[in-house]
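J.:
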Amino acid sequence: MDIKKLSDDILSETEKIIVGKTDCIRKVIMAVLSGGHVLLNDLPGVGKTTLVKTLSKATGCDYRRIQFVSDMLPSDIIGMNIFNQKSGDFELRKGPVMTNILLADEINRAIPRTQSALLEAMEEHQITIDGNTFPLPSPFIVLATENPVEAESTFHLPVAQMDRFLISLSIGYPGQEEEIRMLKIVGDEIPFESVRAVSDSNMIIQAQRECRKVHVSDAINSYIVKITNGTRNDPRLRMGASPRASRALYQASKAWAAMNGRSFVTPDDVKDIVYDVLVHRMTLEESAEFSGLTVRQVLSQILDNIEASISAKDEVNA
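For the sequence shown, my numbering assigns the number 311 to the initial residue and increments by one for each residue that follows.
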């Protein structure tokens with residue numbers, strides 16, 4: 311399978327609706343090909359929900375949307391057993407989590423108990439209802455949106471849940487020319503019917519398998535671990551990147567390399583995605599935060615102090 315062509319086709323279809331956000335779209339595609347989850351942390355109205363819906367149509371995968379609210383219960387997500395008076399038995403009603411692409415819209419509006427209902431699904435690809443375990447469809451990807459502006463009626467995502475997102479992205483406002491193009495395309499209504507499915511769930515599963523075959527040399531593995539270890543030993547950080555973060559960077563780098571038409575990972579692949587994979591997993595010490603530093607700035611300085619001395623032989627020698 312040609313992963314580059316598949317990702318380019320998905321990108322082309324998605325850009326029929328989402329204008330001027332090529333890098334962001336490609337990184338969401340990378341997460342899908344890695345089998346990882348995405349947190350879209352951005353201002354209201356910049357197209358987060360539209361991006362997810364458009365991408366689901368382009369990939370040809372089953373899609374469900376959950377609008378998170380403060381009174382939502384875990385059973386609203388995973389489902390429950392309901393007593394049928396006619397039959398005298400309990401019937402299982404599975405929740406919207408039983409899908410390929412799940413849009414968890416404004417996930418931080420739900421209480422922590424409800425947010426945690428996604429933890430098992432995101433990590434184990436299964437749900438448990440009344441002691442019975444049910445596998446989720448494959449592929450299963452959570453694309454969650456978060457409202458970072460409003461403090462009222464919102465709840466911070468637990469650290470354990472943040473660590474389960476492969477990447478965290480911000481779409482951002484469009485440029486002036488991009489916004490003019492956007493008005494021409496979606497000014498009256500969003501033409502979702504113009505988006506063509508260029509794959510299906512089976513093709514995505516196959517693509518994920520192909521991405522796992524991308525070669526990662528010992529030197530690249532060492533480079534990844536040096537980065538994550540650097541975040542753990544930096545005194546400006548209260549919490550650095552976990553071993554799960556190392557795995558995420560490893561997996562995402564393979565998909566990114568495949569999307570760029572290569573069968574091996576380079577240091578540039580790691581550098582291209584390292585901020586998206588690591589920043590949301592790290593927290594500053596109070597003193598560093600008060601001094602005006604950001605996690606991104608600290609990570610940038612850590613990267614500057616790590617040399618990626620990797621030869622072409624290291625990259626391709628399987």
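From the three backbone atoms N, C-alpha and C, an ideal C-beta is built for every residue, glycine too.
Measure the alpha-carbon distance for R336 versus F393 and round it to whole angstroms.
T.: Spanning the two alpha carbons is a distance of roughly 45 Å.
J.: Closest by CA to R474, which one among G441, E520 and E434?
T.: Closest option to R474, Cα to Cα, is E434.
J.: Kindly indicate the opening and closing residues of the alpha helix (DSSP H) around R522.
T.: Run containing R522: S511 to R522, per the alpha helix (DSSP H) assignment.
J.: For K404, write down the residues that DSSP places opposite it in a beta bridge.
T.: Partner(s): G389.
J.: Which whole-angstrom value is the C-beta distance of V575 and D319, which I expect to be below 8 Å?
T.: Rounded, the Cβ-Cβ distance is 23 Å, inconsistent with contact.
J.: Please list, in chain order, all residues of the same chain as G571 whose beta carbon is under 7 Å from its beta carbon, the five residues on each side excluded.
T.: Excluding positions up to five away in sequence, the list reads K314.
J.: Give the DSSP-derived three-state secondary structure of T538 in the structure shown.
T.: DSSP places T538 in helix when its eight states are reduced to three.
J.: Quick test of your reading: S511 and P449, contact by CB under 8 Å. State the CB separation rounded to the nearest angstrom.
T.: Going by Cβ atoms, the distance from S511 to P449 rounds to 6 Å, so yes, they are a contact pair.
J.: Go ahead and label K623 buried or exposed: buried means 16 or more other beta carbons lie within 10 angstroms of its beta carbon, across all protein chains shown.
T.: With a pLDDT of only 45 at K623, under 50, the local geometry of the prediction cannot be trusted, and no value is derived from it.
J.: Could you tell me which residues DSSP puts in a beta bridge with Y373?
T.: Beta-bridge pairing links Y373 to I411.
J.: Return the residue from the list I477, S573, V469 and Q436 that minimises the CA-CA distance to R519.
T.: Selected option, being the one with the closest Cα: S573.
J.: Using only alpha-carbon positions, find the residue among K326, G441, G330 and L316 that is nearest to Y483.
T.: Minimum Cα distance to Y483 is reached at G330.
J.: Would you tell me roughly how many angstroms separate the C-alpha atoms of H525 and A565, rounded to the nearest one?
T.: For H525 and A565, the distance between alpha carbons rounds to 11 Å.
J.: Could you give the residue range of the alpha helix (DSSP H) that holds L321?
T.: From DSSP, the alpha helix (DSSP H) with L321 extends over I313 to T324.
J.: Less than 8 Å between the beta carbons of L365 and A454, yes or no?
T.: In this structure, A454 does not lie closer than 8 Å to L365 by Cβ.
J.: Out of S322, A341, L479 and G497, state which residue places its alpha-carbon closest to the alpha-carbon of K358.
T.: K358 has its Cα closest to that of L479, out of S322, A341, L479 and G497.
J.: Can you find at least 3 beta carbon pairs, one from the segment 587-605 and one from the segment 543-551, that sit closer than 8 Å?
T.: Touching, yes.
J.: Under a Cβ-count criterion, where at least 16 other Cβ atoms within 10 Å of its own Cβ denotes burial, should Q633 be classed as buried or exposed?
T.: Given that the chain is displayed from residue 311 to residue 628, the structure contains no residue 633 and the question cannot be resolved.
J.: Is L350 helix, strand or coil when you go by DSSP?
T.: Three-state result, L350: strand.
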